[in-house]
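Q: Pasting in a structure now, in structure tokens, and then I'll have a few things to ask.
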Amino acid sequence: MSEQFDGLDRLVAGDKAAWDRFVIRFAPVIFAAVRRKLVPAGRGEDAEDVAQDVFVRLCARDFHVVRNYDAGRAKLTTWLSVIAHSVAIDHLRRQKARAQPIESVPERYLAVDPPKDPVKVDIPPGLLSPRQALVLEMLYPREMEVAEAAQVLGVEPQTVRSTHHKALVKLRAHFREPED
Amino acid sequence: MSEEYGNGGDGAGLWARARPGWRSAIAPETPNPLMLAAYLDNTLNEAGREAVEAWMAATPEALELMVAARVQSRQAPQEAAPASLVSRAQGLVRAPVAVSAGLGWLRGLIGFEPEAWRPLAWAGVTAALLVVSAGAFELGRLGTERLVPVQTAALGDDLELGLDDPADDLI
């Protein structure tokens, strides 16, 4: 793992120089992750503040978050990228909630339709594995390409195709539909 | 739009029917960031992978996060971070107050940094001020007590001298 940082022990011990090196080294990773989420949402101008929020979280409570990092389990850049994306998504969610005060919404838009009886089909536990459900979720509601889904899962596209096929076989059998 | 698996096919309909039931049948816990990073780096065990994939399938924001993180994990950042971000972030951690070399002997004597004595030193100063104030008050009170009798005695002596001074007998 060549992307590792050899000063984490000193950093969590409060070594200012180690923290400074950490910031210089990983600010581009964090900033890029934050921008990747914020720019498409039209909030690119918030990127610097949100990236700063990531650093605040990293050093909060005496580096509590950094202390939980385990170099044997994941690369530091991947871990920081996950945290940065998570903070950016939280930021967008908060902005969305604040965007329109409820007083400004015309009353007709707030009217709630009476709930319809939900059509819920019970699925036996274990009928679909989490991976099969995830593949179906990515290919249908998300409309992702097989190659994209394979990239997310970290597998070959053929694995996605076979997972998809097995999932449909199970669902057809469950709903008593004839199989192709 | 997926070219091979468009929403017009029966797969889309089947999943639309099964999805609410599948989602209600599971209650995935939110994995911690290290577990998610391990998933992206393909170092997670099978049970861990299942837990992460269940969470991604059941939570729209989770899938969004993992798709973005996966894409970024394969690309090095193309641009530098703004200098203002770097300096602000570096400012989050302050340098420790330097202890002068001359205090090295004190550190050896007390076994830890002299800086740790700072609260104790302030407490000592406060206590000393209280003692000095109390002492000054007490001295002042005693002084007043002594002064008043002396003055009284002086007045009395003057009177008594007129009455009992043996010298008067000699006159």
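Note that the protein sequences, when read in sequence, are chains P and G. Using this note's numbering, the final residue of the first sequence is 180, and nothing's skipped along the way. Using this note's numbering, the final residue of the second sequence is 1171, and nothing's skipped along the way. Positions of the beta carbon are idealized from the N, C-alpha and C atoms, including for glycine.
1. Taking buried to mean at least 16 other C-beta atoms within 10 Å of its own C-beta, is S81/P buried or exposed?
2. For the region 1043-1068 of chain G, which residues have a CB atom closer than 9 Å to at least one CB atom of chain P, in sequence order?
3. In whole angstroms, what is the alpha-carbon distance linking G1140/G and G1124/G?
4. Rank A74/P, T78/P, L171/P and D6/P by C-alpha distance to the C-alpha of L127/P and give the top, closest one.
5. Taking the C-alpha atoms as reference points, what is the distance between R57/P and Y1039/G?
6. Could you tell me which of S162/P, R161/P, T159/P and D9/P sits nearest to H64/P, measuring between CA atoms?
7. Pick from A32/P, F5/P and V34/P: whose alpha carbon is nearest that of D20/P?
8. With 7 Å as the limit, tell me which residues of the region 69-86 of chain P have their beta carbon closer than that to any beta carbon of chain G; keep them in chain order.
9. So is G1135/G in contact with chain P if we call contact Cβ pairs under 8 Å?
10. Going by beta-carbon coordinates alone, are I89/P and E1061/G separated by less than 8 Å?
11. Using a Cβ-Cβ cutoff of 9 Å, what residues of the region 1018-1044 of chain G are near chain B? List them in chain order.
12. May I ask you to report which of helix, strand or coil DSSP gives H165/P?
13. Please classify E1138/G as buried or exposed, where buried requires at least 16 other C-beta atoms within 10 Å of its C-beta.
14. Buried or exposed for G1011/G, going by 16 or more other Cβ atoms inside 10 Å?
15. Which residues of the region 41-57 of chain P have a Cβ closer than 7 Å to any Cβ of chain G? Give them in chain order.
16. Using only the alpha-carbon positions, how far apart do R61/P and G1135/G sit?
17. Whose C-beta lies closer than 8 Å to the C-beta of R35/P among residues of the same chain, with five residues either side of it excluded?
18. In this structure, how does DSSP classify Y1039/G when only helix, strand and coil are distinguished?
19. Just to confirm before moving on: does the CB-CB distance between V1086/G and K16/P stay below 8 Å?
20. Hey, how far is the Cα of S1133/G from the Cα of R1118/G?
A: In short:
1. Indexing the first sequence from 1 puts residue 81/P at position 81. It counts as buried.
2. Listed by position along the chain: T1043, L1044, R1049, E1050, A1051, V1052, E1053, A1054, W1055, M1056, A1057, A1058, P1060, E1061, L1063, E1064, L1065, M1066, V1067 and A1068.
3. Residue 1140/G sits at position 140 when you count from the first residue of the second sequence. Residue 1124/G sits at position 124 when you count from the first residue of the second sequence. C-alpha separation (whole angstroms): 24 Å.
4. Here residue 127/P refers to the residue found at position 127 when the first sequence is read from its first residue. With distances taken between Cα atoms, L127/P lies closest to L171/P.
5. Counting from 1 along the first sequence, the entry for residue 57/P is found at position 57. Counting from 1 along the second sequence, the entry for residue 1039/G is found at position 39. Those two C-alpha atoms are separated by around 22 Å.
6. Numbered from its first residue, the first sequence carries residue 64/P at position 64. Checked all of S162/P, R161/P, T159/P and D9/P; the closest Cα to H64/P is D9/P.
7. Indexing the first sequence from 1 puts residue 20/P at position 20. If we check each option's Cα against that of D20/P, F5/P comes out closest.
8. Y69, D70, R73, A74, K75, T78, W79, S81, V82, I83, H85 and S86
9. Along the second sequence, one-based indexing puts residue 1135/G at 135. No, G1135/G lies away from the interface with chain P (no Cβ there is under 8 Å from its Cβ).
10. Sequence index remark: in the first sequence, residue 89/P carries index 89 (1-based). Sequence index remark: in the second sequence, residue 1061/G carries index 61 (1-based). For I89/P and E1061/G, yes; Cβs fall inside 8 Å.
11. Here the protein chains are P and G, and chain B is not one of them.
12. Working through the first sequence from its first residue, we reach residue 165/P at position 165. H165/P: helix per DSSP, three-state reduction.
13. Start at 1 with the first residue of the second sequence, and residue 1138/G comes out as number 138. E1138/G is exposed by the Cβ-count criterion.
14. Looking up residue 1011/G in the second sequence gives position 11. Buried, because 16 or more other Cβ atoms sit within 10 Å of the Cβ of G1011/G.
15. E48, A51, Q52, F55 and V56
16. On the first sequence, position 61 is the one that residue 61/P refers to. On the second sequence, position 135 is the one that residue 1135/G refers to. C-alpha separation (whole angstroms): 45 Å.
17. Within the first sequence, the letter at position 35 stands for residue 35/P. Counting only Cβ-Cβ distances below 8 Å, and skipping sequence neighbours, we find G44 and A47.
18. For this step, residue 1039/G is matched to residue 39 along the second sequence. Reduced to three states, the DSSP call for Y1039/G is helix.
19. Here residue 1086/G is taken as the residue at index 86 of the second sequence, counted from 1. Here residue 16/P is taken as the residue at index 16 of the first sequence, counted from 1. In this structure, K16/P does not lie closer than 8 Å to V1086/G by Cβ.
20. Taking the second sequence and counting its residues from 1, one reaches residue 1133/G at position 133. Taking the second sequence and counting its residues from 1, one reaches residue 1118/G at position 118. In a straight line, the C-alpha of S1133/G is about 23 Å away from that of R1118/G.
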